[in-house]
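One structure below.
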Amino acid sequence: MITLIAAVAENNALGKDNQLLWHLPDDFKRFKNVTSGHYIIMGRKTFESFPKPLPNRTHVIITRQKKYTAENCIVVDSLQKAIAICPKEEETFIIGGGEIYTQAIEIGDKLDITRVHHTFDADTFFPEIDLSKWELTASEFHPKDEKHQFDFTFQTYLRK
Numbered sequence: 001m002i003t004l005i006a007a008v009a010e011n012n013a014l015g016k017d018n019q020l021l022w023h024l025p026d027d028f029k030r031f032k033n034v035t036s037g038h039y040i041i042m043g044r045k046t047f048e049s050f051p052k053p054l055p056n057r058t059h060v061i062i063t064r065q066k067k068y069t070a071e072n073c074i075v076v077d078s079l080q081k082a083i084a085i086c087p088k089e090e091e092t093f094i095i096g097g098g099e100i101y102t103q104a105i106e107i108g109d110k111l112d113i114t115r116v117h118h119t120f121d122a123d124t125f126f127p128e129i130d131l132s133k134w135e136l137t138a139s140e141f142h143p144k145d146e147k148h149q150f151d152f153t154f155q156t157y158l159r160k
């Protein structure tokens with residue numbers, strides 16, 4: 001199963017200048033719990049936005065840079081090659097960025113979205129979710145609090 005996992009604002013914003021636009025500790029915890037032990041596929045810029053590789057995950061990085069290397073990571077030049085090297089019997093996670101999500105939404109099986117209930121100025125966006133192709137199967141609202149500046153909802157969509 002191929003799952004796209006992302007935190008997405010109301011205007012589909014993902015980030016700006018290769019940075020996230022919000023800090024939601026519960027979303028980070030959920031991301032860690034859901035993706036730990038799995039293959040995670042990402043673009044080079046997404047990988048480079050991390051201070052270091054994420055623990056307990058196999059990183060598959062997509063880049064057009066021919067000689068790009070990253071220690072203890074798999075580097076490929078296309079989404080198709082990235083998916084091909086991941087175990088078929090396990091859930092694989094696409095974690096960004098915008099260009100990778102745009103390619104992957106056409107072939108993904110599941111969307112694991114944290115919908116941040118705010119709009120942001122951004123330069124990277126998640127593709128529009130076409131509700132004729134995707135069914136919302138779970139939704140869990142979290143109000144803002146002292147640790148979370150914005151209301152957000154965990155949403156799960158499955159391909160129809």
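Final position of the sequence shown in full-length UniProt numbering is 160; the numbers increase by one with none missing. Using N, Cα and C, we set each Cβ at its ideal position, and we do this for glycine too.
| said: So, with DSSP's three-state summary, where would you put E146? | reply: In the three-state scheme derived from DSSP, where H, G and I count as helix and E and B as strand, E146 is classed as coil.
query: What first and last residue would you give for the alpha helix (DSSP H) that runs through D26?
result: For D26, the uninterrupted alpha helix (DSSP H) run begins and ends at 25 to 35, by DSSP.
If you scan the UniProt domain "DHFR" (1 to 159) from start to end, which runs of the beta strand (DSSP E) of 3 or more residues do you find wholly inside it? Inside the UniProt domain "DHFR" (1 to 159), DSSP marks whole beta strand (DSSP E) runs of 3 or more residues at positions 2 to 9, 13 to 16, 39 to 43, 58 to 62, 74 to 76, 92 to 94, 110 to 116, 134 to 142, 152 to 159, from first to last along the chain.
Chain-order list of residues whose beta-carbon lies under 7 Å from that of T46 (same chain, five-residue window excluded):
Excluding sequence positions up to five before and after T46, its CB lies within less than 7 Å of the CB of I95, G96, G97, all in the same chain and listed in chain order.
task: Can you have a look at L24 and say buried or exposed, based on whether 16 or more other CB atoms are within 10 angstroms of its CB?
output: By the neighbour-count criterion, in which a residue is buried when 16 or more other Cβ atoms sit within 10 angstroms of its Cβ, L24 is buried.
Pop quiz: E91 and T156 are said to be a contact at Cβ under 8 Å. What is the actual Cβ separation, rounded to whole angstroms? Taking the Cβ atoms as the reference, E91 lies roughly 13 Å from T156, outside the contact range of under 8 Å.
- Task: Assign F126 to buried or exposed, taking buried as 16 or more other Cβ atoms, counted over all protein chains shown, within 10 Å of its Cβ.
- Result: Within 10 angstroms of the beta-carbon of F126 lie 16 or more other beta-carbons, which makes it buried.
task: Verify whether the separation of the beta carbon atoms of T102 and A9 is less than 8 Å.
output: Cβ distance not < 8 Å, so T102 and A9 don't count as in contact.
Practice task
Answer with buried or exposed for F31, where buried requires no fewer than 16 other C-beta atoms within 10 angstroms of its C-beta.
Solution key: F31 counts as buried, since no fewer than 16 other beta carbons sit within 10 angstroms of its beta carbon.
Exercise. Using CA coordinates, which residue listed in D151, S49, L131, I41 is at the minimum distance from M1?
Worked result: Ranking the options by Cα distance to M1, first place goes to I41.
Where T114 and V60 are concerned, what is the direct C-alpha to C-alpha distance, given to the nearest angstrom?
If I take the Cα positions, the gap works out to 22 Å.
*Starting from the C-beta of E128, find all residues in its chain whose C-beta is less than 8 Å away, skip the five residues before and the five after it, and write them out in chain order.*
Here E128 has N12 as same chain residues with Cβ atoms under 8 Å from its own Cβ, once five neighbours each way along the sequence are excluded.
ask   = How many Å lie between I100 and P143 at the Cα?
value = Approximately 30 Å, taken between the alpha carbons.
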